[in-house]
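Per this note's numbering, the very first residue in the sequence shown carries number 468; after that it's consecutive.
We treat Cβ as the ideally placed atom computed from N, Cα and C, and that holds for glycine.
These numbers were taken from a predicted model, which means no experiment stands behind them.
Heads up: the structure comes next, in structure tokens.
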Amino acid sequence: MRLRVLLIIGLLAFIYGPVIYAQQGLSIIKGTVSDSTGAPLKLVNIVLEDNTAGTYTDDRGIFTLYLPGGKREVSLRVSSIGYYSREIELLLNSDTTNLDIVLETDITALREVIVRQQVITESPTLARIPIRDIKLVPAAGSSIEALLSTLPGVNAPNELSASYTVRGGSFDENLVYINGVEIYRPQLISSGRKEGLSIINPDLVNSIYFSAGGFNSSYGEKLSSVLDIKYRKPESFAGSARAELMTNSVHLEGAGRDGRFTFLVGSRYMTNRILLRTLDTRADYTPAYFDLQTLLTMKTGTKSSLDLFISLARNKFEFVPVSGRSTFGSIANAYQLYVDYDGFERDRYLIHNSALSWNIDHSTDLKSTLMLQASASGEEESFDIRGRYLLNELDKNIGSENLGDSIMNIGIGTWLDHARNRIETQVYIASFRSRWQNSRNILSWGTSLKRESIVDDLNEWRMIDSAGYSIPLSGDGLYVNKLISAKNDISSFRTEFYILDNYSFNAGSTNIIFTAGARLAYWSFNDEILFSPRVSVELVPNNSLSIYLAAGRYYQPPFYREMRYPDGNINTNVSSQSSLHFVFGTVWDFEVGYTPFRLSSEIYHKQLDMLIPYKFDNVRVVYAGENRALGKVSGLDLRLNGEFVRNADSWLSLSLMKAEHDIIDDNYGPYPAPADIRFSADLFFQDYFPSNPSYRAHIKIHFSTGIPVSSPYQDRYDNIYRMPPYRRVDIGFSKALKDEFSPLRAESMLNFFDRIIIGFEIFNLLDIKNTISYNWLSTINNLSGEVRQFAVPNYLTGRSLNLKLNFEF
468 MRLRVLLIIG LLAFIYGPVI YAQQGLSIIK GTVSDSTGAP LKLVNIVLED NTAGTYTDDR
528 GIFTLYLPGG KREVSLRVSS IGYYSREIEL LLNSDTTNLD IVLETDITAL REVIVRQQVI
588 TESPTLARIP IRDIKLVPAA GSSIEALLST LPGVNAPNEL SASYTVRGGS FDENLVYING
648 VEIYRPQLIS SGRKEGLSII NPDLVNSIYF SAGGFNSSYG EKLSSVLDIK YRKPESFAGS
708 ARAELMTNSV HLEGAGRDGR FTFLVGSRYM TNRILLRTLD TRADYTPAYF DLQTLLTMKT
768 GTKSSLDLFI SLARNKFEFV PVSGRSTFGS IANAYQLYVD YDGFERDRYL IHNSALSWNI
828 DHSTDLKSTL MLQASASGEE ESFDIRGRYL LNELDKNIGS ENLGDSIMNI GIGTWLDHAR
888 NRIETQVYIA SFRSRWQNSR NILSWGTSLK RESIVDDLNE WRMIDSAGYS IPLSGDGLYV
948 NKLISAKNDI SSFRTEFYIL DNYSFNAGST NIIFTAGARL AYWSFNDEIL FSPRVSVELV
1008 PNNSLSIYLA AGRYYQPPFY REMRYPDGNI NTNVSSQSSL HFVFGTVWDF EVGYTPFRLS
1068 SEIYHKQLDM LIPYKFDNVR VVYAGENRAL GKVSGLDLRL NGEFVRNADS WLSLSLMKAE
1128 HDIIDDNYGP YPAPADIRFS ADLFFQDYFP SNPSYRAHIK IHFSTGIPVS SPYQDRYDNI
1188 YRMPPYRRVD IGFSKALKDE FSPLRAESML NFFDRIIIGF EIFNLLDIKN TISYNWLSTI
1248 NNLSGEVRQF AVPNYLTGRS LNLKLNFEF
């Protein structure tokens, strides 16, 4: 308790202490940066030549640079990708100096700048996520998903997993692309502790675009969201290395002298044993996660190039449990479960993704891409674990000398879990995309052909023996509590076509961007034909306000788990789930004093049809295997981001939502969806010492209401109660030994590196026990003939520490 109090006091002192020291005597340089046509330029770097201060422009090209007191003669360096850099000498005669800076276009980089801007205008709900400080976000593995989970509408209530839910959808309802390559989720992983590394390597990322709904027809068929990741195409030699207690990584990148060949390669190794040791189950954990990714590009002519993307991942998880102790209940009814274990678990996951793309510039206005993609995975899960348990009632009488001690045994028994599961998936895709544009119109279209092959061999069961009786109890024989036994071999083809038109025009001073498109898809498994139109309109009355409306039909064709009954057999008559989605949003840029802010808001509604009911079991989604539910989701998302502290991005996200499903003709009415998180709030905040910005603190706070859960022993979905809220505080401290603001002496050997950062992180600072799932135990009939059932919580990780050291060159 004393440690917790000291940590909280130290945290508050570190974050709010700098407020005590008013920054007296500062000089201010304010201004705008634009190109030769007068268009504002964002993310332009403005740095003093001596590297003692710096900043960058916002979306309107505006910047504010604060200088240490006493400086009157300064030299500014202004630079941005795609433009020639400028050096400006200034003599400051007042406390505030105003500048209007114009950068000339570097013709050799113009094409890249145009493409990046067009991605934004073609889908108003697609937001660009800043990645400047992604490695500073306090999270295990520094994953992209940890950053994503701080956005409104996105929830990831499991720090061990890269899985996330968006606006009431399941983990399987999210599209993920890396350089246009669609990424598929593993099918067997049932627990976040087995998952390991996210497939996205943050060392290689150039841009992140995310939409929580209402995305355009160029993206595929999923009900909830799309995450579009682009890796870098290097211009010069560079690299980085990162060492932590859990994750180690290295990456290299470079380009040939003539620019015809570039390479980007990164490798990571992770073992989260430190986190797993904070779980309630004492065990010998042996996790090992490794991946290797590369992006190679080569020009095949003056107007064509080849891109080769390869990703290989190998996850191993071994688990030998010893014992476990879990206390649960309330003040009125407190219980403790003690378990003694025998057995082991061994899991192996091998995942491969590769894609070869041929990019052709037919002309200045017409471009095409032909891609061949192959994705394959081999997943094995093997365990035999026996648990012998004692379920005791605890003394709850305030003032009793035995308060908190066991006073009565109310359950004794054994369970035995067995599994020999193996799934192999293979997906081959051939796709073609083309894009034509003029000054006001962008027309794009594409088609793809997919072949999917899935071989599944499942053999999993659980037997529970309570006080000598097998549960479920039957006088006719011995029955297992859960049984999945099936062998499935499925092959099918999917073909898709999309068209998208984006047209912009002016109505007075308002710029109007209209986007319309549609997708047409066919699946050979059930001869299903899908047509999904999507449309959006965006009004931009000025540089500080954007208003948009998006609507469309979205489908989710079953991949594999959705078409599988709980017993493992396949439903050959399964159909695609569908959603009619409406989004109304605004983006408002404003200033408070000299500080720029952005307020984003979206109101949305989803009308769901042909749903396949499901339940969550940790990160596993257990589907009913039949289209027999309807649903609706409505909510409000808000996000305020800006430099609450100068030169440090921070943001606050809030979400309100109500998600309901309704089993058709069951006469029980609607029930909360499994991902019905009514309220969530996220804060990512950065601060530093005003006198020395190389010392920084980074805090990530999350709160979300609990999700509904129900007993696996009943078929009804409406008998639910909610998990406790998920609450978590992660904090990190970092020191830049070298960066643009902290140069080293000229003779230092470390000048080989452009950036050196050392960090210290505390995960789950308040040591809160968050629940991820339940063990459902039943006791045999009591004297009144009643059977009692207990939901024993499985808790997530406790407080743990991490050290990190980052090098960039």
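Close beta carbons around V1088, own chain, < 7 angstroms, minus the five adjacent residues each side: Non-local beta-carbon contacts of V1088 in its own chain, meaning distances under 7 angstroms to residues more than five positions away in sequence, involve S637, F638, D639, R1028, Y1081 in chain order.
Helix, strand or coil at R1266 according to DSSP, with G and I counted as helix: Of the three classes helix, strand and coil, the one that applies to R1266 here is coil, per DSSP.
Minimum length 3: unbroken beta strand (DSSP E) runs contained in the region 984-1030: List check, beta strand (DSSP E) in window: 995-1009, 1012-1023.
Identified DSSP bridge partners for S1117: G1109.
8 angstroms Cβ cutoff met for V1050 and G680: The criterion of a C-beta distance shorter than 8 angstroms is satisfied by V1050 and G680.
Backbone secondary structure at F1219 - three-state DSSP: DSSP, reduced to helix, strand and coil, places F1219 within a helical segment of the structure shown.
Three-state secondary structure assigned by DSSP to R659: Residue 659 is actually Gly in this sequence, not Arg. G659 falls in the helix class under three-state DSSP.
Coarse secondary structure for L742, derived from DSSP in three states: Three-state result, L742: helix.
Boundaries (first-last residue) of the beta strand (DSSP E) holding E846: Following the DSSP letters along the chain, one finds E846 inside the beta strand (DSSP E) bounded by residues 833-861.
Helix, strand or coil at F638 according to DSSP, with G and I counted as helix: In the three-state reduction of the DSSP assignment, F638 falls in the helix class.
Other residues of its chain near S971: CB distance less than 6 angstroms, five sequence neighbours each side excluded: Spatial neighbours of S971 in its own chain (CB-CB distance under 6 angstroms, excluding positions within 5 residues in sequence) are listed in chain order as R907, I980.
Simplified DSSP state of D1034, which is helix, strand or coil: In this structure, D1034 counts as coil in the three-state DSSP scheme.
Touching by the beta-carbon criterion (3+ pairs, under 8 angstroms), the region 694-702 and the region 1013-1022: Taking one beta carbon from each stretch, the region 694-702 and the region 1013-1022 have fewer than 3 pairs nearer than 8 angstroms; the two do not touch.
Residue(s) in a DSSP beta bridge with G706: According to DSSP, G706 shares a beta bridge with L719.
Which listed residue (N1237, Y1032, T914, S678) has its alpha carbon closest to that of H1048: Considering only N1237, Y1032, T914, S678, the residue with the shortest C-alpha distance to H1048 is S678.
Pairwise C-alpha distance: L719 and L762: Cα to Cα, L762 sits roughly 11 angstroms from L719.
Where L577 falls, given that 16 or more other Cβ within 10 Å makes a residue buried: Caution applies to L577, whose pLDDT of 35 falls short of 50 and renders its modelled position unreliable; the value that the coordinates give is listed next. Looking at its Cβ environment, which holds fewer than 16 other Cβ atoms inside 10 Å, L577 is exposed.
V582 in three-state terms, based on DSSP: Legend: pLDDT at V582 = 33, less than 50; position of this residue unreliable, value from coordinates given subsequently. Per DSSP, reduced to three states, the secondary structure at V582 is helical.
Coarse secondary structure for I1235, derived from DSSP in three states: Here I1235 sits in coil by DSSP.
The beta strand (DSSP E) enclosing A1148, as first and last residue numbers: A1148 -> beta strand (DSSP E) spans 1146-1156.
At least 3 beta-carbon pairs within less than 8 angstroms: the region 888-907 vs the region 830-843: Inter-segment contact for the region 888-907 and the region 830-843 is present: three or more beta-carbon pairs are separated by less than 8 angstroms.
Own chain residues within Cβ distance below 7 angstroms of F682, not counting five before or after: The beta carbon of F682 is closer than 7 angstroms to those of S590, T592, L593, V693 in its chain, skipping five residues each way along the sequence.
Span separating the alpha-carbon of Y533 from that of I495: Straight-line Cα distance between these residues: approximately 5 angstroms.
Distance, D1129 Cα to A1258 Cα: One Cα belongs to A1258, the other to D1129, and the distance between them is close to 24 angstroms.
Beta-carbon proximity list for R853, same chain, < 6 angstroms, skipping 5 on both sides: Around R853: D809, G810, L883.
Counted within 10 angstroms of its Cβ, other Cβ atoms place I931 as buried (16 or more) or exposed: Answer is buried; the Cβ neighbour count reaches 16.
Outcome for N565 when other beta-carbon atoms lying within 10 angstroms are tallied against a minimum of 16: Exposed, since its Cβ has fewer than 16 Cβ neighbours within 10 Å.
Cβ-based burial, M875 [other Cβ within 10 Å; buried from 16]: Label assigned to M875: exposed.
Cβ shell of D774 (< 6 angstroms), same chain only, five flanking positions each side left out: Answer for D774: T764, S824, listed in chain order.
Helix, strand or coil at L615 [DSSP, three-state]: Residue state, collapsed to three classes: helix.
Among A520, V1176, S821, A988, nearest to P1260 - alpha-carbon criterion: Among A520, V1176, S821, A988, the Cα nearest to that of P1260 belongs to V1176.
CB contact flag (T524, L508, <8 angstroms): Annotated as proximal: T524 and L508, with beta-carbon spacing under 8 angstroms.
Euclidean distance between Cα positions of Y1061 and T531: Rounded to the nearest angstrom, the two C-alpha atoms are 7 angstroms apart.
Given H819 as reference, the closest of V1007, L759, L837, M838 once Cα atoms are compared: Comparing C-alpha distances from H819 to each of V1007, L759, L837, M838 shows the shortest one belongs to L759.
R1189 beta carbon less than 8 angstroms from that of I1235: With contacts defined by Cβ atoms closer than 8 angstroms, I1235 and R1189 do not form a contacting pair.
Limits of the unbroken beta strand (DSSP E) element including N782: It spans 771-796 - the beta strand (DSSP E) in which N782 sits, taken as one unbroken run.
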